[in-house]
Amino acid sequence: MVAVFGLLVFFALPLVALLVRVPWSDITDDLSDPAIRPALRLSLVCSVAATGLSIVFGIPIAWLLARVEFPGKSVARALALLPLVLPPVVGGVALLVAFGRRGVVGQYLDDWFGITLPFTMWAAIVAETFVAMPFMVITVEGALRGVDTRFEEAAATLGAGRWTVMRRVTLPAIGPSLLAGITLTWARALGEFGATITFAGNFRGETQTMPLAVYLALQTDTGAALTLSLVLLVISIVVLALVGRRVWGR
Amino acid sequence: MGTVSGLDAHVTLKLGTLDLDVDLHVDPAETVVVVGPNGAGKTTLLRAVAGLAPVDGGRIVLDGEPIDRLPPEQRPIGVVFQDGLLFPNMSVLDNVAFGLRARGTAKRDANARAADWLDRVGLADRAGDRPRQLSGGQAQRVALARALAIEPRILLLDEPLAALDAGARVEVRRALREHLAAYDGVRIVVTHDPLEALTLADRLIVLDGGRVVQEGSPAEVRDHPRSRYVAQLLGLNLFEGVLESNELLRLADGTVLHVAVDDAVLGPCVAVVEPAAITLFASAPQASARNTWEATVVELDREPSRVRVRVDAPVPLVVDVTPGAAAELALEPGRRVWCALKATAVSVEAL
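Chains as they are written, first to last, in the working numbering: chain A, 1 to 250; chain B, 1 to 351.
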C-alpha cells in the first residue's frame, strides 16, 4: 500500500511540480511566441509521418517475424528491436555516418540523385522512425503470435485471398494491439530528442521539434520551456485518454 | 464437366508421426463419413482436400478438373469447422456474407443471399448479433450457412458436433440432416459421434494410422467391424421410429419399444441402446424389464473380455455378455434365447 502510494508520488510529483511552476500569467504570451508554432507543427508532422512509416514498414516486418520461418530470423529480430535499447544519440550518429553527405549510403544519394537527408525535416522523420518503429514491431508481432490462425484458414476456405484475410480477419483480431502499437510509436516519435538533434540538427522551423525547442528554451527562458512542456504534457494526456480505454481496458 | 463427376482424390502426406495415404471417391450428393481413432489422419485428410495442409503427392480431382494446385481460396469447397470459427468482429450476417463478398459479389446482393441462408437455418432474427451472443448450436448453424452460402461443390465438415453439449448436438444434427439432404455437392464428414456417423452417412470410411482400413455402408461396417475401435464406436443398437408417448416408441416395422423419457418431444426420433444394456436368458424371464423378446442367436464374436452376440429378435440386436455367461447359456448360432431390455436403458433423441 505504502509502496503503491510511493510510486504514485514518484510519478505524479514531477508533473505536479511542472504545473505549479508554469508561469500561468505569461502563458498566452509564451504560447503565441513565434518559435512555438513551427515547432509544434513540425513535431506533429514528423511524428505522424514517422508513425505512418512505422505502420507501412513495421507491420510487414512484424508479420514476417511472427509468421515466416527464414534463416537468420533471430538476427533480423534483434536488428529490428535494437533501437529500443540503443541510446538515441548513438542512433543519430549511426544515421549520420550512413546517410550523411559523406556517409556510406548518403554520398551516393547525393551524387546520383542529389538527395541530402541530414539537417532537413526528412532527417527528423527518418530519425524518429528509426527510434520509434521497434515499438510497432514488438507490439504487433506479439499480437500476431497470439492470433488463432484457424480463423484465417476459415477465411481462406471462404474464398478470401491473403490481402482480404489480412484486412478483414487478422488486423481486426489484433485491433487493440495495433492501436497500442500506433500510440506507443507516435508517443515515442513525438518525444524523440537524441537521434533527431544529432541527425537533423536544431534549425528553427525546419528541424526544431518541440523537445528540441523545450531544451533550447530551458537555456534562456525557463518559463517558456515550462509552457512548452505543458503543451506536450496536455497532448500526451489527451491521446492517452482517447485510446487508453480502448487499448488497455476499463 | 469431365467424365468422372464428384471427388476423386488420392492424398499422400507426412506430418509428424502421421503417414497419410488415402484414396477417396465421393459422388455428388453422397455423404461420406470418415471415422477413426485420434491421430488417424481424419482432420488432416479434410485439410488436404481443402488446401490447408500441403500434400506430398497424389491428386485431387473434382468433376474431372484437378484442384490440388489451387490455393484454398480458389477451391470450390466449403468447410464447417469443429468450433464454428465465426469471425468475432463481424455480425452474424457479415459472417455468412463473407465468402460471397470475398468472391466478388456486390455487398447488397451478398447480404440478401446471406439473409436468405440465415432464414434457411432458422436464424434470420439473429442477423445483427455478434457471434458471441449465439449459443453453441446456433453458432454452428451459422457456420453451416456460411459454408453453404458460397455454393461450394464440396462440403467438408470437421467434427461439427464435437464442441457442443448434448442439447445443441440434437439441434445441429437435425440442421445437418436437413441441409445435407438439400445440398447436391460432395459431402465429407469427419466425426467421433456414432449417431452422426450412422444417421448421416451414405458410406462410412474407417481411417487408422493414415490408411483406409474399412469402407462400406453404415450397416455393413457396424455389423462386420474389422477393428476394436469400430466395434466400440458403432457397436450400438440404433432404432429409428416415432415417439408416441413418453413411454412408447413405435419402430418403422411396427415393433413397439418401451422407453422412459422425461420431456418427450413426440415425433420422429432415434433410440440408442448400448449392447451391454441387454440381458439374455435361457427361458422366458420374470423380470422388471419392460422390453422382452424371444430371439435366435445369429452370430458370436468372441473377445477375451466379452462376447458380442448378434441375435434376431423382432429387430436385430447386438448384445455384449461375458464369456462365462455365454458358456452357461450355451450360446451358439441357432440357439433360442430371451432378451430383456429396461425401458430406462434406452436413450431417445429427437431427429
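Note that beta-carbon positions come from the ideal geometry of N, C-alpha and C, so glycine has one too.
Check whether residue i and residue j have beta carbons under 9 Å apart
{"i": "Glu153 of chain A", "j": "Cys46 of chain A", "result": "no"}
{"i": "Pro275 of chain B", "j": "Val337 of chain B", "result": "no"}
{"i": "Leu190 of chain A", "j": "Leu44 of chain A", "result": "yes"}
{"i": "Leu155 of chain B", "j": "Gly122 of chain B", "result": "no"}
{"i": "Arg226 of chain B", "j": "Val213 of chain B", "result": "yes"}
{"i": "Leu86 of chain B", "j": "Val142 of chain B", "result": "yes"}
{"i": "Phe99 of chain A", "j": "Leu117 of chain A", "result": "yes"}
{"i": "Arg67 of chain A", "j": "Val131 of chain A", "result": "no"}
{"i": "Leu236 of chain B", "j": "Leu200 of chain B", "result": "no"}
{"i": "Leu266 of chain B", "j": "Phe239 of chain B", "result": "no"}
{"i": "Ser177 of chain A", "j": "Thr149 of chain A", "result": "no"}
{"i": "Phe98 of chain B", "j": "Ala160 of chain A", "result": "yes"}
{"i": "Val259 of chain B", "j": "Ala343 of chain B", "result": "yes"}
{"i": "Gly254 of chain A", "j": "Met136 of chain A", "result": "Because chain A is modelled from 1 through 250, residue 254 of chain A falls outside the range shown and cannot be assessed."}
{"i": "Gly57 of chain B", "j": "Leu13 of chain B", "result": "yes"}
{"i": "Ala102 of chain B", "j": "Leu158 of chain A", "result": "yes"}
Residues near residue i in its chain [Cβ-Cβ closer than 6 Å; skip 5 each side]
{"i": "Glu220 of chain B", "result": "none"}
{"i": "Leu351 of chain B", "result": "Pro268, Cys269 and Val270"}
{"i": "Trp186 of chain A", "result": "Ser47 and Thr51"}
{"i": "Gly36 of chain B", "result": "Lys42, Val206, Leu207 and Asp208"}
{"i": "Arg222 of chain B", "result": "Leu234"}
{"i": "Gly103 of chain A", "result": "Val97"}
{"i": "Gly146 of chain A", "result": "none"}
Within-9 Å CB hit, residue i to chain B
{"i": "Phe199 of chain A", "result": "no"}
{"i": "Ala143 of chain A", "result": "no"}
{"i": "Phe151 of chain A", "result": "yes"}
{"i": "Val104 of chain A", "result": "no"}
{"i": "Arg250 of chain A", "result": "With a pLDDT of 46 at Arg250 of chain A, under the threshold of 50, the modelled position of this residue cannot be trusted; read the value that follows with caution. No, Arg250 of chain A does not count as interfacial toward chain B."}
{"i": "Val169 of chain A", "result": "yes"}
{"i": "Pro172 of chain A", "result": "yes"}
{"i": "Leu179 of chain A", "result": "no"}
{"i": "Thr209 of chain A", "result": "no"}
{"i": "Gly146 of chain A", "result": "no"}
{"i": "Gly175 of chain A", "result": "yes"}
{"i": "Thr157 of chain A", "result": "yes"}
{"i": "Thr183 of chain A", "result": "no"}
{"i": "Thr139 of chain A", "result": "no"}
Residue i - partner residues in DSSP beta bridges
{"i": "Ile205 of chain B", "result": "B:Val34 and B:Glu215"}
{"i": "Lys14 of chain B", "result": "B:Asp19"}
{"i": "Ser347 of chain B", "result": "B:Val272"}
{"i": "Pro285 of chain B", "result": "Answer by DSSP bridge pairing: none, since Pro285 of chain B is not bridged."}
{"i": "Val189 of chain B", "result": "B:Val33 and B:Leu157"}
{"i": "Trp24 of chain A", "result": "DSSP lists no partner for Trp24 of chain A."}
{"i": "Gly78 of chain B", "result": "B:Leu155"}
{"i": "Ala9 of chain B", "result": "B:Leu24 and B:Ile60"}
{"i": "Phe239 of chain B", "result": "B:Ala271"}
Residue-chain proximity (residue i, chain A), Cβ-Cβ < 9 Å
{"i": "Ala40 of chain B", "result": "no"}
{"i": "Gln133 of chain B", "result": "no"}
{"i": "Leu85 of chain B", "result": "yes"}
{"i": "Asn89 of chain B", "result": "yes"}
{"i": "Ala102 of chain B", "result": "yes"}
{"i": "Val79 of chain B", "result": "yes"}
{"i": "Leu70 of chain B", "result": "no"}
{"i": "Phe239 of chain B", "result": "no"}
{"i": "Asp16 of chain B", "result": "In the sequence under discussion, the amino acid at residue 16 of chain B is Gly, which differs from the Asp named in the question. It does not; no Cβ of chain A falls within 9 Å."}
{"i": "Arg75 of chain B", "result": "yes"}
{"i": "Ile150 of chain B", "result": "yes"}
{"i": "Gly99 of chain B", "result": "yes"}
{"i": "Met1 of chain B", "result": "Only weak support exists for where Met1 of chain B lies, its pLDDT of 43 falling under 50; the value from the coordinates is given anyway. False, the Cβ-Cβ gap to chain A never drops below 9 Å."}
{"i": "Arg146 of chain B", "result": "yes"}
{"i": "Leu257 of chain B", "result": "no"}
{"i": "Gly51 of chain B", "result": "yes"}
7 Å Cβ shell around residue i - same chain, five flanking residues per side excluded
{"i": "Thr198 of chain A", "result": "Val89, Gly92, Val93 and Leu96"}
{"i": "Leu144 of chain A", "result": "Ala62, Trp63, Ala66, Arg67 and Ile174"}
{"i": "Leu26 of chain A", "result": "The question names Leu, but residue 26 of chain A in the sequence shown is Asp. Taken in chain order, the residues that qualify are Gly223."}
{"i": "Ala225 of chain A", "result": "Val214, Ala217 and Leu218"}
Neighbourhood of residue i by C-beta distance below 8 Å, restricted to the same chain and skipping five residues each side
{"i": "Ala145 of chain B", "result": "Val96, Ala114, Trp117, Leu118, Arg120, Val121 and Leu123"}
{"i": "Glu30 of chain B", "result": "Gly6, Val186, Arg187, Asp202 and Arg203"}
{"i": "Ala284 of chain B", "result": "Thr292, Glu294 and Trp338"}
Residue i Cβ short of 8 Å to the ligand NAD heavy atom set
{"i": "Cys46 of chain A", "result": "Among the components modelled here there is no ligand, and therefore nothing to report on the ligand NAD."}
Uninterrupted beta strand (DSSP E) stretches inside the region 174-203 of chain A (no shorter than 3 residues): Taken in chain order, no unbroken stretch of beta strand (DSSP E) lies wholly in the region 174-203 of chain A with a span of 3 residues or more.
4-residue-minimum alpha helix (DSSP H) runs that sit fully inside the region 312-343 of chain B, ordered along the chain: Listed in chain order, the complete alpha helix (DSSP H) runs (minimum 4 residues) inside the region 312-343 of chain B are 323-328.
Whole runs of the alpha helix (DSSP H) within the region 103-146 of chain B, excluding any shorter than 4 residues: Along the region 103-146 of chain B, the alpha helix (DSSP H) occurs as fully enclosed runs of 4 or more residues at 107-120, listed in sequence order.
Continuous alpha helix (DSSP H) assignments of at least 4 residues falling wholly in the region 125-173 of chain A: The region 125-173 of chain A contains these whole alpha helix (DSSP H) runs: 149-157 and 162-165.
Continuous alpha helix (DSSP H) assignments of at least 4 residues falling wholly in the region 208-249 of chain A: With a minimum length of 4 residues, the continuous alpha helix (DSSP H) runs that stay inside the region 208-249 of chain A are 210-220 and 222-248.
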